[in-house]
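S.K.:
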Amino acid sequence: MSKSLSGKAIVVTGAGGGLGRDFALALAAEGAKVVVNDIGSALDGTGSDRSPAESVVAEIRQAGGEAVANTDSVAGWDSGRRIVDTAIEAFGRIDGVINNAGIVRDRMFYNMTEEEWRAVIDVHLHGSFFVARAAAERFREQSSGAYVHITSTSALIGNVGQANYATAKLGIVALSRTIANEMGRFGVRSNCIAPFAWSRMISSIPTDTPEQQARVEKMKLMKGSKVAPLAAYLLSDQSDVTGQVFAVRANEIFLMSQNRPIRGMHRSDGWTVPDIAEQLVPAFRPSFHPLDRTTDVFSWDPR
Numbered sequence: 191m192s193k194s195l196s197g198k199a200i201v202v203t204g205a206g207g208g209l210g211r212d213f214a215l216a217l218a219a220e221g222a223k224v225v226v227n228d229i230g231s232a233l234d235g236t237g238s239d240r241s242p243a244e245s246v247v248a249e250i251r252q253a254g255g256e257a258v259a260n261t262d263s264v265a266g267w268d269s270g271r272r273i274v275d276t277a278i279e280a281f282g283r284i285d286g287v288i289n290n291a292g293i294v295r296d297r298m299f300y301n302m303t304e305e306e307w308r309a310v311i312d313v314h315l316h317g318s319f320f321v322a323r324a325a326a327e328r329f330r331e332q333s334s335g336a337y338v339h340i341t342s343t344s345a346l347i348g349n350v351g352q353a354n355y356a357t358a359k360l361g362i363v364a365l366s367r368t369i370a371n372e373m374g375r376f377g378v379r380s381n382c383i384a385p386f387a388w389s390r391m392i393s394s395i396p397t398d399t400p401e402q403q404a405r406v407e408k409m410k411l412m413k414g415s416k417v418a419p420l421a422a423y424l425l426s427d428q429s430d431v432t433g434q435v436f437a438v439r440a441n442e443i444f445l446m447s448q449n450r451p452i453r454g455m456h457r458s459d460g461w462t463v464p465d466i467a468e469q470l471v472p473a474f475r476p477s478f479h480p481l482d483r484t485t486d487v488f489s490w491d492p493r
């Protein structure tokens, strides 16, 4: 029986552990040749270590698959290109990218430093652009290719203490949509996944109260291996899906909404401040979005 990704070469960034490792193992099991990229840094992005990437490569090879390690940072134009070049040098081609690499520097907005802001934006948003842009040249030449970018419900819905992370993750959605619009003519697809999965990226959630502890225990049940099949499908030739945003939570897959007008009012003589206060806002208010957090919208236990 033919595997869905046989013959394809796919880059997975941040694949030395957690969700990225789950992606890499699942893609290899579907026949893909995988570039396991991971700088091997700490959760905050400091330091480096080759062993996480090499360990995942060893797992894939032991299972009979093909993989190579790469430890370049996604957060640079040249290093992003080296990640893509690794696929071409090792496998002669590149067919897909999962932009998964990330760090966290959580802090309340009013206390966040410039360095905390820039570090997270560099890895998540700039890193997604740099790696995607490097692959785009090959994708155009071969008139095929697919991207899966990892976003977050912290951006799509809301969270606290993550202004840098949420901003980067929502920027990734805009990047993916633009790639889908601009590269569809070359047969290239681009989609986002917001995963609910226990990983190092969310292991810093506080557990100071019984409620927080219960939340974390539920999150530990949501495994990255549940997210990987959707990513594999979106990268495969079975898929014609592009420009979409999905969320995966245990055995649940959601198609997420995207920004569109929901209400409108017109005045032939234009608007004044009193008109807006007295007419427009009261009419629009029932349609205003509440300041929800992810746990408010996904209020039931995962199934």
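Counting in our numbering, the sequence shown runs without a single skipped number right up to 493 at its last residue.
Idealized CB from N, CA, C, for every residue including glycine.
Hey, how far is the Cα of Val338 from the Cα of Phe474?
M.R.: Distance between the alpha carbons of Val338 and Phe474 is about 35 Å.
S.K.: Classify His339 as helix, strand or coil using the three-state DSSP reduction.
M.R.: Correct three-state label for His339: strand.
S.K.: Based on DSSP bridge pairs, tell me the residues matched to Thr203.
M.R.: Looking at the DSSP assignment, Thr203 forms a beta bridge with Asn227.
S.K.: Strictly by DSSP, which residues pair up with Gln352?
M.R.: In the DSSP output, where bridge partners are listed per residue, Gln352 has Arg297.
S.K.: Cutting at 7 Å between CB atoms, please list the residues of its own chain near Met302, excluding the five before and the five after it.
M.R.: Closer than 7 Å at the Cβ level, and outside the excluded window around Met302, lie Ala353, Asn354.
S.K.: Quick check on Gly286: does DSSP put it in helix, strand or coil?
M.R.: In this structure, Gly286 counts as strand in the three-state DSSP scheme.
S.K.: Evaluate Leu445 with the Cβ neighbour count: other Cβ atoms within 10 Å of its Cβ, from every protein chain shown; 16 or more gives buried, anything less gives exposed.
M.R.: Exposed, since its Cβ has fewer than 16 Cβ neighbours within 10 Å.
S.K.: Just verifying my parser: in three-state terms, what is the DSSP assignment at Leu445?
M.R.: The answer is strand: DSSP assigns Leu445 an E or B state.
S.K.: Would you kindly work out how many angstroms separate the C-alpha atoms of Ile311 and Val225, rounded to a whole number?
M.R.: Their backbone Cα atoms lie some 23 Å apart in a straight line.
S.K.: Return the bridge partner residues of Asn194 from the DSSP annotation.
M.R.: Residue identity check: residue 194 is Ser in the sequence provided, not Asn. In DSSP, Ser194 forms no bridge with anything.
S.K.: Quick check on Phe213: buried or exposed, where buried means 16 or more other Cβ atoms within 10 Å of its Cβ?
M.R.: Label assigned to Phe213: buried.
S.K.: Figure out for me which residue from Ala440, Arg308, Ile443 has the closest Cα to the Cα of Thr357.
M.R.: Residue Arg308 is the option with its Cα nearest to Thr357.
S.K.: Nearest-angstrom Cα distance between Ala232 and Gln332?
M.R.: Distance between the alpha carbons of Ala232 and Gln332: 37 Å.
S.K.: Identify, in the order they occur along the chain, each residue of the same chain with its Cβ nearer than 6 Å to the Cβ of Lys223, setting aside the five sequence neighbours on each side.
M.R.: Taken in chain order, the residues that qualify are Ala199, Glu256, Phe281.
S.K.: For Ser342, does the count of other Cβ atoms within 10 angstroms reach 16, so buried, or fall short, so exposed?
M.R.: Label assigned to Ser342: buried.
S.K.: Which of the three DSSP states, helix, strand or coil, is assigned to Ala257?
M.R.: Reduced to three states, the DSSP call for Ala257 is strand.
S.K.: Excluding sequence positions up to five away, which residues of its chain have a Cβ less than 7 Å from the Cβ of Asn545?
M.R.: Look at the range of the chain in this structure, 191 to 493, and you will see that residue 545 is not part of it.
S.K.: On the DSSP letters alone, give me the boundaries of the beta strand (DSSP E) that Ile383 sits inside.
M.R.: Segment 378-386, the beta strand (DSSP E) holding Ile383.
S.K.: Whole angstroms are fine: how far does the CA of Asp465 sit from the CA of Phe436?
M.R.: Each residue's Cα considered, the two are about 39 Å apart.
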